[in-house]
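Take a look at the structure set out below.
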Amino acid sequence: MQHESFAILKEDVATAVNKLVNGFLSNKEYNQDEVQNWTASLSEDIVKTLKTMSTNFKFCVSCVILQKGDAGMHISTTCYWDSNVDGSVAIKCENNSMYCIVNIFGVSF
Amino acid sequence: MADEGQAPDDLTFTHQELDEKATEAIEAVLASKIYDEKEVSRWINEICERIIKSLYDTRKPFKYMVTCLIMQKTEAGLLTSGACMFEGGTDMMQQFLWPKEKAKDQANKTMHAVVTIFCARF
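Sequence lines, in order, name chains P and B.
If you read the first sequence in our numbering, its first letter stands for residue 2, the second for the next number, and so on.
If you read the second sequence in our numbering, its first letter stands for residue 1059, the second for the next number, and so on.
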């Protein structure tokens, strides 16, 4: 399925990734030894899913897992691209012990 | 104006080049600052803008995505990772942590910054 612009793809991407991340977090508690593997495998799973959704985009997925506590955190993104065809989605999920923030960028080529 | 003699033969970015841009931008904004909830949102925007501008000034045929994360130093754990689907030889994605592990004592004691730079050739 070919898409002219990321905007068309955006809603499907958001739904699919929300489902993936929530499913991933649902049975886990923050564990320092495991988290490294979790972020890596979550990013990879998301890229694989995106690959099936469209073939004329390059994707970048950035995944952050933050333990719940007193730390303050801010994230900002700036992009230089063609706003007619390129786009991004930010997904925020949480469970009892951690937050998970995923940024997805789709760039047309 | 762009230096005509320096045509971009190497149509990609090196890890070193991106590291320099990220470090320069972060140092310019965060050096000797204390984590301040009211200011942080301004700092992250400024860091992103500086990096994008310095990438744009290279005049290479790339699209850029820059993400900046600032987190207060506490006991909380933070992990980041990135995965991409792009073109192997020309596109780049790098993540940088500041302050670096081996930085001198003056390194900021109140916060961490993580910058992700993604460059895609068009």
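The beta carbon of each residue, even a glycine, is placed where N, CA and C say it ideally should be.
If you draw a straight line from the Cα of residue 17(P) to the Cα of residue 1179(B), it is about 27 Å long. Between the C-alpha atoms of residue 1123(B) and residue 28(P) there is a straight-line separation of about 32 Å. When C-beta distances to chain B are compared with 9 Å, the residues of the segment 55 to 72 of chain P below that value are 58, 59, 60, 61, 62, 63, 64, 65, 66, 67, 68, 69, 70, 71 and 72, in chain order. Taking C-beta atoms under 8 Å as the contact rule, residue 80(P) and residue 110(P) fail to qualify, at a distance of about 15 Å. Counting the other CB atoms within 10 Å of its CB gives residue 1119(B) a total below 16, which places it among the exposed residues. Taking 8 Å as the cut-off, the Cβ atoms of residue 1109(B) and residue 1087(B) do not count as close. Residues of the same chain with a CB within less than 6 Å of the CB of residue 1156(B), apart from the 5 flanking positions on each side, are 1084 and 1171 in chain order. Not one beta carbon of chain B lies nearer than 8 Å to the beta carbon of residue 25(P). DSSP, read as helix, strand or coil, puts residue 86(P) in coil. Taking the beta carbon of residue 47(P) as reference, the chain B residues within 8 Å of it are 1141, listed in sequence order. Membership of residue 1137(B) in the beta strand (DSSP E) is indicated by the continuous run 1136 to 1143. Short of 7 Å from the beta carbon of residue 1093(B), and not among the five residues preceding or following it, lie these beta carbons of its own chain, in chain order: 1130, 1168 and 1169. Look at residue 10(P): its C-beta is not under 8 Å from any C-beta on chain B.
Using beta-carbon distances, residue 92(P) does not count as an interface residue toward chain B, since no partner is under 8 Å. Looking from the CA of residue 1081(B), the closest CA among 1121(B), 1126(B) and 1069(B) belongs to 1126(B).
For residue 23(P), the secondary structure class from DSSP, reduced to helix, strand or coil, is helix.
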